[in-house]
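*Asks:* From first to last, the protein sequence lines stand for chains A and B. Each position in the first sequence, counted from 1, maps to that position plus 1043 in our numbering. Each position in the second sequence, counted from 1, maps to that position plus 6 in our numbering.
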Amino acid sequence: MKHLFLILTFSFFAFGNQYISIFNSNQNKITDIPYLKQDLKIVDFDGLEQYLATKDKSKTYVINFWATWCAPCVKELPYFEQLNTMYADKKVEVILVSLDFPKQIETRLKPFLIKNKLQSEVIVLNDVDANTWIPKVDKNWSGAIPATLIYNSDKSAFFEKSFDYKTLETELKQFLKQ
Amino acid sequence: MRKVFKATLALVVLITVSAFTTKSNITDSGYKIGDVATDFELENIDGKMVSLSDYDDAKGFIVVFTCNTCPYAVAYEDRVQGLNKKYADKGYPVIAIMPNNINVKPGDNMEAMKTRAKEKGFTFPYLMDAGQDIYPQYGATKTPHVYILQKEQKGNVVKYIGAIDDNYQDADAVKTKYVEDAVDALLNNKEVKIKETKAIGCSIKV
């Protein structure tokens, strides 16, 4: 346990700078963020399902379930942002599905998105009947977040865990044709 | 020499297999319905140690892995309190266990647990899984995560695993009260209809 703590502390310092550089932007406006030009998309699971089915057969989708109140989720967001930027030309699309509470969308989620200028598309999933929809995302998902689904027209993989950039990239590469 | 080699090989295979097993089947570890749950001896917010075996008169338990810092757990605090009020006297007391690593979540340390319990007037024990070795045996992955146990000859048998009800946002809009339905069934010697449910929750911090 002590070792784990040391490793975590180390990784914080090692990756901390990167985290700050991506997240350290101030004075951002809503208009800087494409998906906020119209109002933030709030969907129930029926609405989410179109994001879970391959729209474009040449693309690979990375769907990350997160919330502003989930510390490990917020910590890994820069890695998903980085992935979205680095692999845009490889037809990779990152979608960040927020599970923030509806009453906190205006007060907490939107200010967070504007402050941190998240560029990957963010949508809000508001569907209380989790027992019905969680198994539809993946039958082994217990419901803990962070959780990530990577899929394309060939295959899909589900991860109930936190990622660092390298591990995330490694998993993504399994989906990309050489 | 050959024996040593064979044993080493077996060990390597075992480690490799178990490494992959944990990696790909996180949620498959822990108890399944019908398993006998382990007892424990964990420190309560009053400084005393609590075990399931202390409860001579209990017919079973509503074990809730929960914490101070997860918004989902907080959303359910009053409902957990309600469960204890409704079922403790009927033989199914609530036993709350805080599973997080307090170095990662200082807001879940013993002092914070005491404060929260006092603010909310918890009438049930709020224990700390200080060694973090109880929740993995149960297979809890998040807060809140409920295990209903029924006391039988062979031990405390797991009868239900999952969520408290089907609406974390609004207690008044709940359609199915999973935990109440399960305990009611057990009290009436009936089979629990919905034995496992899924819900969003905060991953347990290791």
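Each residue gets a CB set at the ideal place from its N, CA and C atoms; glycine is no exception.
Pairs of beta-carbons, one from the stretch 1179–1193 of chain A and one from the stretch 142–154 of chain B, closer than 8 Å: are there three or more?
*Replies:* The answer is yes - the stretch 142–154 of chain B touches the stretch 1179–1193 of chain A, with three or more Cβ pairs under 8 Å.
*Asks:* Name the DSSP beta bridge partners of tryptophan 1109 (chain A), please?
*Replies:* The residue you call residue 1109 (chain A) lines up with position 66 of the first sequence. Tryptophan 1109 (chain A) pairs with A:Ser1141.
*Asks:* Output needed in chain order: residues of the stretch 1094–1119 of chain A with a Cβ under 7 Å from some Cβ in chain E.
*Replies:* No chain E is present in this structure, whose protein chains are A and B.
*Asks:* Indicate whether the contact test is met: 3 or more Cβ pairs, each with one atom in the stretch 42–56 of chain B and one in the stretch 119–134 of chain B, closer than 8 Å.
*Replies:* Taking 8 Å as the limit for Cβ pairs, the verdict is that the stretch 119–134 of chain B does touch the stretch 42–56 of chain B.
*Asks:* Pick helix, strand or coil for glycine 168 (chain B), following the three-state DSSP scheme.
*Replies:* The residue you call residue 168 (chain B) lines up with position 162 of the second sequence. It is a strand residue.
*Asks:* Using a Cβ-Cβ cut-off of 6 Å (strictly less than) and excluding sequence neighbours within five positions of serine 35 (chain B), which residues of its own chain qualify?
*Replies:* As a working note, residue 35 (chain B) is residue 29 in the second sequence. Gly145, listed in sequence order.
*Asks:* Residues of the stretch 143–176 of chain B with a CB closer than 7 Å to any CB of chain A: list them in chain order, please.
*Replies:* Flagged, chain order: Thr147, Lys148, Ala169, Asp172, Asn173, Tyr174 and Gln175.
*Asks:* Could you pull the start and end residues of the beta strand (DSSP E) that glutamate 47 (chain B) belongs to?
*Replies:* Here residue 47 (chain B) corresponds to residue number 41 of the second sequence, with the count starting at 1. Looking at the DSSP string, glutamate 47 (chain B) is not in any beta strand (DSSP E), and its letter there is neither H nor E.
*Asks:* From the DSSP output, in three-state form, read off isoleucine 1063 (chain A) for me.
*Replies:* Position 20 of the first sequence, counted from the first residue, corresponds to residue 1063 (chain A). Legend: pLDDT at isoleucine 1063 (chain A) = 38, less than 50; position of this residue unreliable, value from coordinates given subsequently. Of the three classes helix, strand and coil, the one that applies to isoleucine 1063 (chain A) here is helix, per DSSP.
*Asks:* Taking DSSP as the reference, what is the three-state secondary structure of glycine 137 (chain B)?
*Replies:* Within the second sequence, residue 137 (chain B) is the residue found at index 131, counting from 1. The answer is coil: DSSP assigns glycine 137 (chain B) none of H, G, I, E or B.
*Asks:* If you measure between the beta carbons of valine 185 (chain B) and isoleucine 68 (chain B), is that distance less than 8 Å?
*Replies:* Sequence index remark: in the second sequence, residue 185 (chain B) carries index 179 (1-based). Sequence index remark: in the second sequence, residue 68 (chain B) carries index 62 (1-based). Yes.
*Asks:* For serine 35 (chain B), which residues in chain A fall below 7 Å Cβ to Cβ?
*Replies:* Here residue 35 (chain B) refers to the residue found at position 29 when the second sequence is read from its first residue. Under the 7 Å cutoff, chain A gives no residues; its nearest Cβ is about 11 Å from serine 35 (chain B).
*Asks:* Is the CB-CB distance between threonine 147 (chain B) and aspartate 114 (chain B) below 8 Å?
*Replies:* Residue numbering aside, residue 147 (chain B) sits at position 141 when the second sequence is read from its first letter. Residue numbering aside, residue 114 (chain B) sits at position 108 when the second sequence is read from its first letter. Not a contact, by the Cβ cut-off of 8 Å.
*Asks:* Starting from the N-terminal side, write out each stretch of the alpha helix (DSSP H) that is 4 residues or longer and does not extend beyond the stretch 45–109 of chain B.
*Replies:* Here the runs fully enclosed are 77–81 and 83–93.
*Asks:* Name the residue from A:Thr1097, A:Ala1190 and A:Lys1216 whose alpha carbon lies nearest to the alpha carbon of leucine 1120 (chain A).
*Replies:* Mapped onto the first sequence, residue 1120 (chain A) falls at position 77. The option with the nearest alpha carbon to leucine 1120 (chain A) is A:Ala1190.
*Asks:* Count the CB pairs spanning the stretch 97–104 of chain B and the stretch 196–211 of chain B that are closer than 8 Å, and state whether there are at least three.
*Replies:* No, the stretch 97–104 of chain B is not in contact with the stretch 196–211 of chain B.
*Asks:* Looking at the unbroken alpha helix (DSSP H) that takes in glutamine 1093 (chain A), where does it start and where does it end?
*Replies:* Looking up residue 1093 (chain A) in the first sequence gives position 50. Taken as a continuous stretch (DSSP letters only), the alpha helix (DSSP H) holding glutamine 1093 (chain A) covers 1088–1095.
*Asks:* Given that cysteine 73 (chain B) touches chain A, what residues does it touch there, using C-beta distances under 8 Å?
*Replies:* Your numbering for residue 73 (chain B) matches position 67 in the second sequence. In chain order: nothing, as chain A lies at least about 12 Å away.
*Asks:* Could you give the residue range of the beta strand (DSSP E) that holds phenylalanine 1201 (chain A)?
*Replies:* One-based indexing of the first sequence puts residue 1201 (chain A) at position 158. 1199–1202 is the span of the beta strand (DSSP E), which, as asked, contains phenylalanine 1201 (chain A).
*Asks:* Go through its chain and collect everything with a Cβ distance to aspartate 2 (chain B)'s Cβ below 7 Å, but skip five positions before and after it.
*Replies:* Chain B is shown from 7 up to 212; residue 2 (chain B) falls before or after that span and cannot be answered.
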